[in-house]
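Trainee: This is the structure, below, for whatever I ask next.
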Amino acid sequence: MREESGDGGDERCLEGRSARRCPVSADEIYQAVTDRMVQALERGVVPWRTPWSLAGRPRSMSTGNPYRGVNTWLLALASREHGWQSPWFGTYGQIQERGGQVRKGEKSTLVTFWKTLEKQERDPGTGEVTTRAVPMLRKFRVFNADQADGLPSRFHPELGEERPIAGPRAVLDAYVSQPGAPGLSHDVQGQAYYNPVADEIHLPPISGHRSPEHYYATAYHEAAHSTGHASRLNRTGITSQDATFGSHEYGKEELVAQMTASMLCAETGIGTDEIFQNSAAYIGGWLQTIKGEPRMVISAAAAAQKATDTITEPSRQALPEPEPATRPAPDHEIEAA
Ligand SMILES: [Zn+2]
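Numbering (my numbering), first residue to last: 2 to 338.
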């Protein structure tokens, strides 16, 4: 079975055919991802708070790199549900190329990517032809290394082999001490918030939190908001006057901050199961929001990935070069981010 569907909803299209020969509209992909998130939320699992630290961050066999954006959550969610211990994922063919064979009956997991199409446009006035890059949302299907036999042992690393990029404090300190960084102040009686006008992160002191991990999770959340400042990623949820409480922009910005905090906790080795309490009211609220806005999850996850990159970049510069990718990313594997 080449294209077994793991998420329901699009078997009709994929049955017995290659996904590439059966283009699916962007709307259908947004909907398929949202349906997957809704399904998890309805079972009480918050996808963007699903830690991937047990198996390590999901990685692509094709590029050697970690997945980004919404793919991180889609794969972490599937790993948790199936108990996969390997962080490695590949297409049916990529697993075969590496000497593996997907076991009969195993179901694939949906991941998304952006394909860049070059569109030529002629100016009706001057006749001048310009080329414009148009990103198109596409999808493909991958299997975990644990769903295959015969793969080399490097695809089945020992648990705990994945090291955090740096300690929580190093990441936060490097972000707030680079030139042009947001201010950070600790207010003894204060609340945690980000003030976009003054470009300042305010936090209760570390002693005012239940644990250092709680402090860093809160700090990451507010730091995430600060990446939306006009001088950084210029996100409308921070810069627009319309982003008032209860608005679409406000809801999306909040999801971006929560996803970013969660990504940073996982990257710096903070276990989040105890920190994030997923109450029924919390889950119900997000269920309603994302059901009404099928594009929100993918676009918030992409924004959260950029926010995470912005916050971790200063501390990464102090680290040795990562191992090179096994080979350059082909066009069809540029993950959505
Ligand atoms: Zn917030």
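Glycine included, every Cβ here is placed at the ideal spot set by N, Cα and C.
Values in this document were obtained by computation on a predicted structure and should not be read as measured data.
Give me whichever residues DSSP pairs with His187 in a beta bridge.
Mentor: Taking the sequence shown and counting its residues from 1, one reaches residue 187 at position 186. Looking at the DSSP assignment, His187 forms a beta bridge with Leu204.
Trainee: How do the region 33 to 42 and the region 62 to 69 stand: do at least 3 beta-carbon pairs fall below 8 angstroms, yes or no?
Mentor: In short, these stretches do not touch, since the Cβ pair count stays below three.
Trainee: Just mark Lys116 as buried or exposed, buried being the case when its beta carbon has 16 or more other beta carbons within 10 Å.
Mentor: As a first step, residue 116 is located in the sequence shown; it is residue number 115 there, counting from the start. Flag for Lys116 reads exposed.
Trainee: Which residues neighbour ligand 1 when neighbourhood means a C-beta less than 6 angstroms away from any of its non-hydrogen atoms? List them by chain order.
Mentor: This selection yields His222, His226, Glu255, Ala258.
Trainee: Between Pro315 and Ala175, which are expected to be in contact by the criterion C-beta below 8 angstroms, what is the C-beta distance as a whole number of angstroms?
Mentor: The sequence position of residue 315 within the sequence shown is 314, counting from 1. The sequence position of residue 175 within the sequence shown is 174, counting from 1. Yes, they are in contact, since the Cβ atoms of Pro315 and Ala175 sit about 4 angstroms apart, within 8 angstroms.
Trainee: Alpha carbons only, please: which of Gly106, Gly94, Ala302 is nearest the one belonging to Glu255?
Mentor: Taking the first residue of the sequence shown as position 1, residue 255 is located at position 254. Out of Gly106, Gly94, Ala302, Ala302 has the C-alpha closest to the C-alpha of Glu255.
Trainee: Judging by CA-CA distance, which residue of Gly229, Tyr283, Met260, Arg296 is the nearest neighbour of His249?
Mentor: As a working note, residue 249 is residue 248 in the sequence shown. Checking every option, the nearest Cα to that of His249 belongs to Arg296.
Trainee: Please state whether DSSP places Thr261 in a helix, a strand or coil.
Mentor: Walking along the sequence shown from the start, residue 261 turns up at place 260. Helix, per DSSP.
Trainee: Does the pairing of the region 116 to 136 with the region 80 to 92 give three or more beta-carbon distances under 8 angstroms?
Mentor: Segments in contact, no.
Trainee: So, for Gln318: in the same chain, excluding its five sequence neighbours on each side, which residues have a beta-carbon less than 6 angstroms away from its beta-carbon?
Mentor: If you number the sequence shown from 1, residue 318 lands on position 317. Around Gln318: no qualifying Cβ.
Trainee: If we ignore side chains and look at the alpha-carbon of each, how far apart do Arg22 and Lys108 end up?
Mentor: Walking along the sequence shown from the start, residue 22 turns up at place 21. Walking along the sequence shown from the start, residue 108 turns up at place 107. In this prediction, Arg22 scores a pLDDT of 45, lower than 50, which makes its location untrustworthy; no coordinate-derived value is stated.
Trainee: Beta-carbon within less than 6 angstroms of Leu185's beta-carbon, same chain only, minus the 5 sequence neighbours each way: which residues are those?
Mentor: Mapped onto the sequence shown, residue 185 falls at position 184. So the qualifying residues of the chain are Val177, Ile202.
Trainee: Between which two residues does the alpha helix (DSSP H) holding Val47 run?
Mentor: Against the sequence shown, residue 47 aligns to sequence position 46. Where Val47 is concerned, there is no enclosing alpha helix (DSSP H), given that its DSSP letter is neither H nor E.
Trainee: Got a sec, what are the start and stop residues for the alpha helix (DSSP H) Pro315 sits in?
Mentor: The sequence position of residue 315 within the sequence shown is 314, counting from 1. Per DSSP, Pro315 belongs to the alpha helix (DSSP H) from 297 to 317.
Trainee: My assumption, with CB atoms under 8 angstroms, is that Gln86 sits in contact with Asp150. Please give the rounded CB distance.
Mentor: The residue given as residue 86 occupies position 85 in the sequence shown. The residue given as residue 150 occupies position 149 in the sequence shown. That belief does not hold up - the Cβ atoms of Gln86 and Asp150 are roughly 15 angstroms apart, past 8 angstroms.
Trainee: In the DSSP assignment, what are the bridge partners of Met62?
Mentor: Counted from its first residue, the sequence shown places residue 62 at position 61. Looking at the DSSP assignment, Met62 forms no beta bridge with any residue, so it has no partner.
Trainee: Pick helix, strand or coil for Asp124, following the three-state DSSP scheme.
Mentor: Working through the sequence shown from its first residue, we reach residue 124 at position 123. Note: Asp124 maps to coil in three-state DSSP.
Trainee: Here's a check: name, in chain order, each residue in its chain whose Cβ is nearer than 7 angstroms to the Cβ of Arg233, leaving out the five neighbours to either side.
Mentor: As a position in the sequence shown, residue 233 is number 232, starting the count at 1. Excluding positions up to five away in sequence, the list reads Thr311.
Trainee: For the putative contact between His230 and Thr219, defined by C-beta atoms under 8 angstroms, what is the C-beta separation to the nearest angstrom?
Mentor: As a working mapping, residue 230 is identified with position 229 in the sequence shown. As a working mapping, residue 219 is identified with position 218 in the sequence shown. So it is not a contact: roughly 19 angstroms between Cβ atoms.
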